[in-house]
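A.B. asks: Protein sequence lines correspond, in order, to chains A and B. Under the numbering used here, the first residue of the first sequence carries the number 1, and numbering increases by one thereafter. Under the numbering used here, the first residue of the second sequence carries the number 1001, and numbering increases by one thereafter.
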Amino acid sequence: MQTLLISAILILFLVVIFQIAKASEYVAMIRGYENARKQSNKINAFLLLVFLVVGLIGVYYCNELLKDKILGEPASNHGVLVDRMLYITLGITIVVFLTTQIALFWFAYKYQESDNRKAFYYPHNNTLELIWTVIPAIALSVLVGFGIFYWFKITGLTPKDAMVVEVVGKQFGWEFRYPGADGILGKKYFKKIDPANNNPVGQLWEDPANHDDVFVEQEMHLVVGKPVQLVIGAKDVIHSVGLVHFRMKMDAVPGTPTTMWFTPKFTTKEMKAKTGNPDFVYEISCDQLCGKGHWSMRGIIVVETQEEFDAWVASKTPQYLVANPDKDPARQMENTNAAPLTGAIIR
Amino acid sequence: MSETTTVHIADAKHATTHHGEHGHHQQSFISKYIFSMDHKTIGKQFLITGIVWAVIGGLFSVVFRLQLGYPDTTFPILETFFGKWAKGGQIQPEFYYSLVTMHGTILVFFVLTAGLSGTFANILIPLQIGARDMAAPFLNMLSYWFFFMAGIVMVASIFVQTGPASGGWTMYPPLSALRQAGDGQKIGTDLWLISMALFIVSSLLGGLNYITTILNMRTKGMSMTRLPLTIWALFFTAVLGVLSFPVLLSGAILLLFDRNLGTSFYLSDIVINGEILPNEGGSAILYQHLFWFLGHPEVYIILLPAMGMVSEILSVNSRKPIFGYMAMLGSLFAITILAFLVWAHHMFVSGLNPFLGSVFVLLTLLIAVPSAIKVFNWLTTIWRGNIRFTPAALFAIGFVSLFISGGLTGIFLGNTTIDIHLHDTMFVVAHFHIVMGVASMFGMFAGVYHWFPKMYGRYLNHTLGYIHFWVTIVGAYLTFWPMHYQGLAGVPRRYLDKGGWVNFNQFGELDKFITAVSIIIFVTQFVFIINFFYSIYKGRKVRTANPWGANTLEWTTPINPGHGNWEGDIPEVHRWPYDYGKDGREFIPQTEPVGASESKH
């Protein structure tokens, strides 16, 4: 019923507009097209000026309304560079935006048709052309220069002391693997993926580097102030690891591992204080359409101190031992009746 | 030269078949209006089909905007129309992604490629260069009918049980390659690929025809540098299409192979729903290269015709020559070349080599230089003019405004450093909707308002045109300007409900506002559509051959030109098309010989 009403109102609205327009045409016919045209020309010229002024006020108002809901302080070393580049670009583009938009609408208003004016025949001017080729070229060179400089810093070599975490995207969630004490992620092969037998990553158990690797889901822990390299992959379709507060992003592509590194600057606790939001968490968003659950593919990052992180890692059992409980000396003692899982490759 | 020979052949044919006012061949209804080989009729077919698609594509966007603005509200009417796709009046995620995919595909390809360049290339090329018709009228007709078939297949895909494709208009594999990945990846995606293949055939047939016609069939005296900028823009558009669409075709066919023949072009190391696939060694990134090698030129395929028409319309209505004709032409050329060299800026965070990324930053930002030249030249064109604000002129001014706004945000996205943060966020959505979507739409509206008298011998109602313009430009800015802020906050695109996120859910009110505005804009477009169809039959009649006082050749034809365009000889051209306000004369048509005392420019 409601929809019917709304549709009726809309149709009525269109009919009214249409009738007014038709009437205006008849009026114009009676008063002469030329007069009517000149009058509407004046009205439209004036409206263009109004649009400029109201529009610029609107731009300011929109910014006032929304500026506190966006960026916030970048929470990684690279984020600082990204934001700086953003503000440099914003500075230059705002000037261009204001100059050109004001010129456009002001000229349109000022040079509206008038019986007293003749258009100025002005087909070209090479000096002017040269000026406005060279100036944008210089401005853009500056932007390219800064951009590439920062880009190489951000994508440059990972520092030697960086920790490594593997991130794997799947429909619709995130998996993480930590390399354990040896600092090396063990080899994996996708055909060995077997979640039923506790091998969700497809680790090759014959690789000793795998024996201390820790596997967790949905929640990644990082150390504040310590560079981290993410080794990113995907199981099924392309996902993208989007880290809003770190200002980082990298696609997760099945079959093609990608990497990125950054240094978190603030712990989750510090961010709660900075944002004034007690519920604050760092979120991982999937930024590449990956199917019907794309919008809900959320992961969480906990940034903490080294001690907290060490304690957290210590509380985790390496996946090798989860999959092969018979290899776990501690657990063997406790659960003598636990049946050994089949399917695990024993070295 | 070749121009003269073609002219004579056509002349001989038409001089004898002229029958006065309605005149030309005796044609049946079918050969005149359906399987027509007259470029003007084909142009109208493209335009009307484009309008139909625009309504469908626009309606889809309204439906998914409802979900975005009111994620927790139910709309029972949606269930009435869409059944299980909107169970309980709530749009299902799979359906949401289908809507987004269809909206993108329809608007980018069917409306802004076929509807825009198909329409105006067909209508304007022969009329403005002085030709009886296209070089190959039959291929031209096929071009439309391939487009039509592409549309039929796309419509069919909407009605299959598992729904239309839902992989996004970019259709990235592996998502689009794996049936197991979701309902939209089943038969819907195959139909999408077939539809695109048909569309590409249509586009190539059209493009080759446009190029051949422009190069070979110009009338006597119409040298390349006397062509109106519309024709230059349409020429470069066709060149872009002919060189890049085949690459998309190959990408689409390889994807069809991966889907149906078990090949591994794009597939490697995949475990989906617990099933381990045998494919190894393919590269998902390969598709992205193939796609964007078309995808980026596609942006300019959409934009260049609008630029050309805006140049022409601003000049005519400012009663002033276009400023810097050669610079405009040079920048069109530069954009065409650069369009092929920037595709990887869509892939900065795809795992592309960072060094390669930096090269693409340079090339991408370089394209801002010719774009800036164009803007400054448009500004100088209206400067000290004597501007008539016809609806076409208003839309042309709106185009320039939107092109500036959207172009400047491109400088953010083209720079890798910022793109890391903004990639695939609402900022991108805002950017390309303003610069490519709405701006090109404005170019198209400008073209329709300006050339409607030539197409139908009647005027569109101007009051309705003004209402249409003002609501649309205000609405476009209200819709897309605040979206940049969502993007800066990192809100990813294609999120149908942000309620579960701590850092993205602060825009509830804004999303409601944008939804409301988008509905108003959508309804307002019916003002245009009603005006369009009403005016075809009942519009104010055009009484003079040259209603806008323009210089170009199309206004030397009869008010309702028949097949063959000119009765008698095709006029000869003696000058460039932009002699407005020269030597105290308001305008000097291209057909007028250069006088002895005339000043040089």
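A virtual CB, placed ideally from N, CA and C, is assigned to each residue, including glycine. Model, not experiment: these values are computed from the prediction.
Which of the three DSSP states is assigned to A/Ala252 in this structure?
C.D. replies: Position 252 of the first sequence, counting from 1, holds the residue named residue 252 of chain A. DSSP places A/Ala252 in strand when its eight states are reduced to three.
A.B. asks: Measure from the C-beta of A/Lys69 to each C-beta in chain B and report whether the shortest distance is under 8 Å.
C.D. replies: Taking the first residue of the first sequence as 1, we reach residue 69 of chain A at position 69. Yes, its Cβ sits closer than 8 Å to a Cβ of chain B.
A.B. asks: Taking the CB atoms as reference points, tell me whether B/Leu1402 and B/His1431 lie closer together than 8 Å.
C.D. replies: Residue 1402 of chain B sits at position 402 when you count from the first residue of the second sequence. Residue 1431 of chain B sits at position 431 when you count from the first residue of the second sequence. The answer is no: Cβ separation not under 8 Å.
A.B. asks: Could you tell me whether any non-hydrogen atom of the ligand FMN is closer than 7 Å to the CB of A/Leu140?
C.D. replies: The ligand FMN is not part of the structure shown, which contains no ligands of any sort.
A.B. asks: Relative to the C-alpha of B/Thr1162, which candidate in B/Thr1170, B/Gln1185, B/Leu1142 has its C-alpha closest?
C.D. replies: Stepping through the second sequence from its first residue, residue 1162 of chain B is reached at position 162. Minimum Cα distance to B/Thr1162 is reached at B/Gln1185.
A.B. asks: Are there three or more Cβ pairs, one per stretch, closer than 8 Å when the segment 260 to 273 of chain A is compared with the segment 204 to 217 of chain A?
C.D. replies: Short answer: they don't touch.
A.B. asks: Take B/Asp1605 and list the residues in its own chain whose beta-carbon comes closer than 7 Å to its own, dropping the five residues that flank it on each side.
C.D. replies: As shown, chain B starts at 1001 and ends at 1601. That puts residue 1605 of chain B outside it, with no answer to give.
A.B. asks: Would you please verify whether the beta carbon of A/Arg31 is less than 8 Å from any beta carbon of chain B?
C.D. replies: What you label residue 31 of chain A is simply residue 31 of the first sequence in a count that begins at 1. It does not; no Cβ of chain B falls within 8 Å.
A.B. asks: What residues from the segment 278 to 295 of chain A come within 8 Å of chain B, judged by C-beta to C-beta, listed N to C?
C.D. replies: Here the close residues are Asp279, Phe280, Val281, Glu283, Ser285, Cys286, Asp287, Gln288, Leu289, Cys290, Gly291, Lys292, Gly293, His294, Trp295.
A.B. asks: Apart from the five residues on each side of it in sequence, which residues of its chain come closer than 7 Å, Cβ to Cβ, to B/Gln1067?
C.D. replies: Here residue 1067 of chain B refers to the residue found at position 67 of the second sequence. If we look at B/Gln1067 and ignore the five residues flanking it on each side, its Cβ neighbours are Ile1091, Tyr1096, Leu1496.
A.B. asks: Between A/Arg247 and A/Pro74, which are expected to be in contact by the criterion C-beta below 8 Å, what is the C-beta distance as a whole number of angstroms?
C.D. replies: Position 247 of the first sequence, counting from 1, holds the residue named residue 247 of chain A. Position 74 of the first sequence, counting from 1, holds the residue named residue 74 of chain A. Confirmed, about 5 Å.
A.B. asks: Under 9 Å Cβ-Cβ, which residues of chain A neighbour B/Phe1507?
C.D. replies: Position 507 of the second sequence, counting from 1, holds the residue named residue 1507 of chain B. Correct list: Leu66, Lys69.
A.B. asks: Could you please give the first and the last residue of the uninterrupted alpha helix (DSSP H) stretch that includes A/Glu270?
C.D. replies: Locating residue 270 of chain A in the first sequence gives position 270, where the first residue counts as 1. Per DSSP, A/Glu270 belongs to the alpha helix (DSSP H) from 268 to 275.
A.B. asks: Measuring straight from C-alpha to C-alpha, what distance separates A/Lys327 and A/Pro318?
C.D. replies: For the purposes of this step, residue 327 of chain A is taken as residue 327 along the first sequence, with counting starting at 1. For the purposes of this step, residue 318 of chain A is taken as residue 318 along the first sequence, with counting starting at 1. Taking the straight line from one Cα to the other gives about 11 Å.
A.B. asks: Quick check on the burial criterion: 16 or more other C-beta atoms within 10 angstroms. Buried or exposed for B/Ala1306?
C.D. replies: Counted from its first residue, the second sequence places residue 1306 of chain B at position 306. Answer is buried; the Cβ neighbour count reaches 16.
A.B. asks: Indicate whether A/Pro136 and B/Ala1339 have their beta-carbon atoms separated by less than 8 Å.
C.D. replies: If you number the first sequence from 1, residue 136 of chain A lands on position 136. If you number the second sequence from 1, residue 1339 of chain B lands on position 339. Not closer than 8 Å, so no.
A.B. asks: Which same chain residues end up closer than 8 Å to B/Leu1460 when comparing Cβ atoms and leaving out the 5 residues on each side of it in sequence?
C.D. replies: To locate residue 1460 of chain B, count along the second sequence from 1; it is residue 460. Cβ within range, chain order: Pro1391, Val1448, Tyr1449, Phe1452, Asn1531, Phe1532, Ser1535, Gly1539.
A.B. asks: If distances are taken between C-alpha atoms only, which option among B/Thr1591, B/Thr1101, B/Gly1584 comes closest to B/Ser949?
C.D. replies: This structure gives no information on residue 949 of chain B, because the portion of chain B shown stretches from 1001 to 1601.
A.B. asks: Are the C-beta of A/Thr3 and some C-beta of chain B separated by less than 8 Å?
C.D. replies: The sequence position of residue 3 of chain A within the first sequence is 3, counting from 1. Chain B, which has a Cβ nearer than 8 Å to the Cβ of A/Thr3, makes this yes.
A.B. asks: Determine, using beta carbons only, whether A/Glu304 and A/Val224 come nearer to each other than 8 Å.
C.D. replies: As a position in the first sequence, residue 304 of chain A is number 304, starting the count at 1. As a position in the first sequence, residue 224 of chain A is number 224, starting the count at 1. In contact: A/Glu304 and A/Val224 (Cβ atoms closer than 8 Å).
A.B. asks: Residues of chain B with CB under 7 Å from A/Arg117, in chain order?
C.D. replies: The residue labelled residue 117 of chain A in the question sits at position 117 within the first sequence. Near A/Arg117 (Cβ distances below 7 Å), the residues of chain B are Asn1386.
A.B. asks: Any Cβ of chain A within less than 8 Å of the Cβ of B/Leu1068?
C.D. replies: Position 68 of the second sequence holds residue 1068 of chain B. Output row for B/Leu1068: interface = no.
A.B. asks: Given A/Ile184, which residues of its chain have a CB within under 7 Å of its CB, disregarding the five upstream and five downstream residues?
C.D. replies: Taking the first sequence and counting its residues from 1, one reaches residue 184 of chain A at position 184. Result list for A/Ile184: Ala209, in chain order.
A.B. asks: Would you mind working out which of B/Tyr1266, B/Asn1122, B/Ser1098 sits nearest B/Phe1235, comparing C-alpha positions?
C.D. replies: Taking the first residue of the second sequence as position 1, residue 1235 of chain B is located at position 235. Of the listed residues, the one whose Cα sits closest to B/Phe1235 is B/Asn1122.
A.B. asks: What's the gap between the Cα of B/Gly1057 and the Cα of B/Leu1227?
C.D. replies: Counting from one through the second sequence, the residue named residue 1057 of chain B turns up at place 57. Counting from one through the second sequence, the residue named residue 1227 of chain B turns up at place 227. Approximately 34 Å between the Cα atoms of the pair.
A.B. asks: Counting only Cβ-Cβ distances shorter than 8 Å, please list the residues of the segment 245 to 256 of chain A near chain B, keeping chain order.
C.D. replies: Going along the segment 245 to 256 of chain A in chain order, one finds His245, Arg247, Met248, Lys249, Met250, Asp251, Val253, Pro254, Gly255, Thr256 with a Cβ nearer than 8 Å to chain B.
A.B. asks: DSSP state of A/Thr3, grouped into three classes?
C.D. replies: The sequence position of residue 3 of chain A within the first sequence is 3, counting from 1. Three-state result, A/Thr3: helix.
A.B. asks: If you drop the 5 nearest sequence neighbours on each side, which residues of the same chain put their C-beta closer than 6 Å to that of B/Ser1560?
C.D. replies: Within the second sequence, numbered from 1, the residue matching residue 1560 of chain B stands at position 560. In the sequence as presented, Ser is not what sits at residue 1560 of chain B; that position holds Asn. For B/Asn1560, where only same-chain residues beyond five positions count, the Cβ hits under 6 Å are Gly1457.
A.B. asks: Cα separation between B/Asp1038 and B/Ser1244?
C.D. replies: Residue 1038 of chain B sits at position 38 when you count from the first residue of the second sequence. Residue 1244 of chain B sits at position 244 when you count from the first residue of the second sequence. Those two C-alpha atoms are separated by around 27 Å.
A.B. asks: Report buried or exposed for A/Pro200, applying the criterion of at least 16 other Cβ atoms within 10 angstroms of its Cβ.
C.D. replies: The count along the first sequence starts at 1 and reaches residue 200 of chain A at position 200. Label assigned to A/Pro200: buried.
A.B. asks: Return no unless some Cβ of chain D is closer than 8 Å to the Cβ of A/Asp236.
C.D. replies: The structure shown contains no chain D; its protein chains are A and B.
A.B. asks: Give every residue of the same chain whose Cβ lies closer than 6 Å to the Cβ of A/Met220, excluding the five residues on either side of it in the sequence, and list them in chain order.
C.D. replies: In the first sequence, residue 220 of chain A corresponds to position 220, counting from 1. These residues qualify, in order along the chain: Phe176, Ile301.
A.B. asks: Check the C-beta distance from A/Val165 over to A/Gly233 and give it rounded, since I have them as a contact under 8 Å.
C.D. replies: Working through the first sequence from its first residue, we reach residue 165 of chain A at position 165. Working through the first sequence from its first residue, we reach residue 233 of chain A at position 233. 12 Å between Cβ atoms; not a contact.
A.B. asks: Would you mind stating whether B/Ile1411 and A/Thr89 have Cβ atoms separated by less than 8 Å?
C.D. replies: Within the second sequence, the letter at position 411 stands for residue 1411 of chain B. Within the first sequence, the letter at position 89 stands for residue 89 of chain A. Yes, these two residues count as a Cβ contact at 8 Å.
A.B. asks: Among the candidates A/Tyr150, A/Pro254, A/Trp106, A/Ala139, whose CA atom is the shortest distance from the CA of A/Gln171?
C.D. replies: Along the first sequence, one-based indexing puts residue 171 of chain A at 171. Nearest C-alpha to A/Gln171: A/Pro254.
A.B. asks: State yes or no: is the C-beta of B/Asp1569 within less than 8 Å of the C-beta of B/Asn1551?
C.D. replies: Residue 1569 of chain B sits at position 569 when you count from the first residue of the second sequence. Residue 1551 of chain B sits at position 551 when you count from the first residue of the second sequence. For B/Asp1569 and B/Asn1551, no; Cβs fall outside 8 Å.
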